[in-house]
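All residue numbers for the first sequence refer to numbering that gives the first Met the number 0, where the first residue is 0 and numbers rise by one. Beta carbons: idealized from backbone N, C-alpha and C, even for Gly.
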Amino acid sequence: MTEPALPPQYQPGQIEQDLYQRWTALDLWRARPQGDRPSYVIMMPPPNVTASLHMGHGLNLTIQDALVRFERMRGRRVLWLPGTDHAGIATQNVVERQLGQEGRTRFDLGREAFVARVWEYVDQTGDTILEQIRGLGASCDWSRAYFTLEADLSRAVREVFVRLYERGLIYRGEYIINWCPRCLTALSNEEAERQERDGSLWHLRYPLADGSGHVVVATTRPETMLGDTGVAVHPDDPRYRDLVGREIRLPLVDRLIPIVGDEGVDPDFGTGAVKVTPAHDPLDFEIGRRHRLAALDVMTPDARMADTVPPPFRGLAREEARQAVVGAFDALGLLEATAPHRHAVGQCYRCDTVVEPRLSEQWFVRMAPLAAPALDAYRDGRLRFIPEHRGEEYARWLENIRDWCISRQIWWGHRIPVWYCQTPACGRVAASRTDLAACPDCGGPARQDEDVLDTWFSSQLVPFSALGWPERTADLRAFYPGDVMVTAPEILFFWVARMVMMGLEFMDELPFHTVYLHGTVRDTLHRKMSKSLGNGIDPLVVIERYGADALRYTALAGAAVGTDVILDPNDLEASFAAGRNFANKLWNAGRFLLGNLDGPARPLAGPHRGVVRRDELSLADRWLIARCDLAVREVTAAYERFRLNDAVAGAYRFLWDDLADWYIEQAKPRLYGDRPGGDVARAVLAATFDVALRLLHPAMPFITEKLWGSLPGRTPGATIATATWPLPDARAADPEALADFALLQELVAAVRSIRAEYGVQPGQSVRALVSAASPALRRAVAAEEAAVRRLAKVSDLVLDAGSPEGAGSAVLSDGATVAVPLGDLIDLERECQRLGQEATRLADLVAGLTAKLANPQFVSRAPEAVVSREREKLASWETQVAALRRKREQLGCSG
RNA sequence: GGGCGAAUAGCUCAGCUGGUCCAGAGCGCCUGCCUUACACGCAGGAAGUCGGGGGUUCGAAUCCCUCUUCGCCCACCA
């Protein structure tokens, strides 16, 4: 069987597409509900159906895929469950914008036609994001993909709503909520994002009704004064105590309003007197309620001044009204001061419009009873966060939790399953799992609530609703509870905390035991990548130019626990070249290997399994096998600890530094048949390369699959994706080989350095004369002399040689001196300087360490192992310094 | 206003329980090489007061305090 020749540069595009198709055809990702091995379940945070892939997804999905592939190779029954979120407001906005381009609004269509239109849109484009996710190589179980608005999940939504309603945890009431005047809906507290803004604090004079003076109130929102129904001061404030109970004649609207004393007023802020607008401010609402003040809503849903306010303010947008009110006060001589004031303003998380606190009747979930068990789970260690400190954020939110406004005045979503009896005498309000045509009490006509539920109400159920709950399905039994939640910190409260609460409430078990919160993808100015800033990186472009593996490599390498991933949108090369280069390196190592597998037949099984006898292994073979085992241990531990950057780096170093730069170069003569032992080298190379591919597969699935599949001896249908994860092997440990080969590397590096220093032509061979070699170096040279000669381009390697004149020299860590005779090329002064610098550097270290070891405190208090290690270090350095000084003496260096 | 995180080479970052750290990697930079796997490469090299100051310790990039600068989360001072 001959593969078509592999091109010298890895071309990811077609290969990746073909491989994903092959994986799909093999149906590798479908989770098995039954089996001996434990399951491993990750719920993919469902992207919005309207979304297109951005780097945040890229990071999030790559991390999950790496974890899932790792565990799959370790034999777990993996379920990585994908899905999409109907994303109520976001999706509705998209379709409304489309309608807007046709000059129409959703109201022109009416509810039914509009919802049909959104479905049409979703059916057409809803798979886009899923297709893009495939491009990343995501190994999720597409057969179980869900959509939060599909029938099964909608049924779960109703079930949950009704159960919570029956338990009294859902109620309807009139409170101040966050209102988006552009989306025309209520929002939860979490959906109103606080943004610091520069504003003003206006000091307004409110005349006393009896004309005996005035009170000055301070406000950031003067336009709301049109709805003022009182003025509040702290009851103990000596400045105002006597005014409590008197009345203000409210300017512009000419209304008499009372001055009340309320503990909620901070006497130290502003003037200590607060205008009270119960319909437009949460604090004012509380104050108003305590003092039975009327609540006047002075705005329309789109935040214009309502008909209830007098001209000229009526009909003005709230920003215009603000200017107009301030102007009017100024004209009346009632504007006392204007001061710059920076404060946090709520913004709609979907459209950035400043939200309007507004009195409104909405549905709420009582959160405190649900939050308590979720907090306990964290406190008693059942729920773990990575990084750990995120757990405190979670806890603090739960401790201060407020009720959750779940009704939205939009059409796209789960309609609230509540029906109102239209018969006035009955007036029954019924929450129902099934649609009601008539009132369950009186049989009269019933009308369903017009509102829909917050999108997050359905997504919080996904860990069990997507598995078939409330049916007790096989999937539910097999895959709940899950294991790890991988997500961005932004949705810790929106989603993660709520999933925990719902899981505990309805399944009596946590939905996952670990929450892994990765960083945010930012640009080099540390700004979050976003469409509006135009600082995004399109993952599809990256995949096309550099390959999905390169993107994944970059994401993982940058994903150290607790840090953000910084990428430069203006320099893709800086961000992704390393990953592409590494893929190419792998590719070429594979190409080399495949091109050199011909030769004396020898089973290509792992040396760990003893196919090649231990006494046949050369020093380099033993060294590589030991390094490989260390890499297995390091990478495995890194994955287990979510240290994905370490996992990638460990595999990278083994593959590139050890296997490619040293072992392959060392083994070439054997592989070319110039020296005996080619069969052993082939076996070692094939086995360790196989291990390296497996270690890298979770991070770079495409290229590892491609190469692994090309290795000889593969049965058709074999895939690295389900190959077993390499296990550490105690028999591979070989401290002697590690140490000896390290000395050999030093020797080669020393000769190369001398060659470069004196500009020896690359083709020119040199002699290398070694004196005072340690037993380890003697062993190493005896074993691998040919390698040294080849790697350092040395014609003669002589041990126990005297150091001649006209040579460049270096001292190795075992104290051996290497001399490379270079005749005329040598500059004696330069040579003296080189050796002198090195001697001085080491002598300083020796002095420091000598002092340390002379310190009885250190010797007595530091652990024995540390002390002996330091003694060995000192001995080594002393030997080196002595050797360097001898050499300088011999050269007749001055100083 | 509270709470938290970060600051290490020109850039992006590792450095985990204080001692294998004589501070590393990738990119960029300099020098030399198209050496029959790879120039997306090979070899050699330059580059760091580990943000400033103080402390604890035999020993600090690592722990503590403080200052500076950036970032995040929370928050009804109108």
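- Under DSSP, TYR145 forms a beta bridge with GLY82.
- In the structure shown, TYR164 adopts helical secondary structure according to DSSP, grouped into three states.
- Going by C-alpha positions, GLU70 is about 15 Å away from PHE478.
- No Cβ-Cβ contact shorter than 8 Å links THR61 with ILE128.
- In chain order, LEU163 and VAL364 place their CB closer than 6 Å to the CB of ILE169, counting only its own chain and leaving out the 5 sequence neighbours on each side.
- Closest by C-alpha distance to VAL275, out of ILE256, GLY269, ASP267 and PHE268, is ILE256.
- Rounded to whole angstroms, the separation of the alpha carbons of ARG497 and LYS667 is 59 Å.
- Secondary structure note for TRP178: its beta strand (DSSP E) is the uninterrupted segment 169 to 179.
- Collapsing the DSSP output to three states places GLY814 in coil.
- Straight across, the Cα-Cα distance linking ASP306 with ARG317 is about 13 Å.
- Cβ neighbours of VAL858 within its own chain (closer than 7 Å, five residues either side excluded): LEU852 and VAL866.
- Judged by beta-carbon spacing, GLY801 lies within the 8 Å limit of SER770, meaning their Cβ atoms are closer than that value.
- Annotation for ARG884: ALA838 place their beta carbon closer than 7 Å to its own, counting only its chain and skipping 5 residues before and after.
- Along the length of the region 490 to 559, whole beta strand (DSSP E) runs at least 3 residues long occupy 513 to 516, reported in chain order.
- Excluding residues up to 5 positions away in sequence, GLU190 and GLU192 lie with their Cβ nearer than 6 Å to the Cβ of TYR348 in the same chain.
- For PHE106, there is no enclosing beta strand (DSSP E); the residue is part of the alpha helix (DSSP H) that begins and ends at 105 to 108.
- Annotated three-state conformation of ASN47 is strand, per DSSP.
- DSSP places ALA625 in the uninterrupted alpha helix (DSSP H) bounded by 618 to 639.
- The shortest CA-to-CA distance from GLN123 to any of VAL94, ALA144, SER142 and ARG103 is the one to VAL94.
- In this structure ARG289 is exposed. Its beta-carbon is surrounded by fewer than 16 other beta-carbon atoms within 10 angstroms.
- Put simply, the backbone Cα of GLN408 is about 30 Å away from that of GLU392.
- In this structure HIS85 does not touch GLY314 by the C-beta definition: roughly 36 Å separates them, more than the 8 Å allowed.
- If you draw a straight line from the Cα of VAL647 to the Cα of GLN194, it comes to about 38 Å.
- At least 8 Å separates the beta-carbon of ALA749 from that of ALA842.
- A check of alpha carbon separations from PHE492 across ARG29, ARG154 and ASN188 identifies ASN188 as the nearest.
- Taking a C-beta distance under 8 Å as the contact criterion, LEU58 and VAL564 qualify as a contact pair.
- In the three-state reduction of the DSSP assignment, VAL353 falls in the strand class.
- In the three-state DSSP reduction, SER38 falls in the strand class (E or B).
- Short of 8 Å from the beta carbon of THR352, and not among the five residues preceding or following it, lie these beta carbons of its own chain, in chain order: CYS179, PRO180, ARG181, CYS182 and GLN346.
- In the three-state reduction of the DSSP assignment, GLN879 falls in the helix class.
- C-alpha of CYS425 to C-alpha of ARG196: approximately 50 Å in a straight line.
- Contact between the region 385 to 402 and the region 425 to 437 is not established, with fewer than three Cβ pairs separated by less than 8 Å.
- By the neighbour-count criterion, in which a residue is buried when 16 or more other Cβ atoms sit within 10 angstroms of its Cβ, LYS705 is buried.
- For TRP418, the enclosing beta strand (DSSP E) starts and ends at 417 to 420.
- With fewer than 16 neighbouring CB atoms inside 10 Å of its own CB, ASN569 falls in the exposed class.
- Annotation for ARG196: the continuous beta strand (DSSP E) segment containing it runs 191 to 206.
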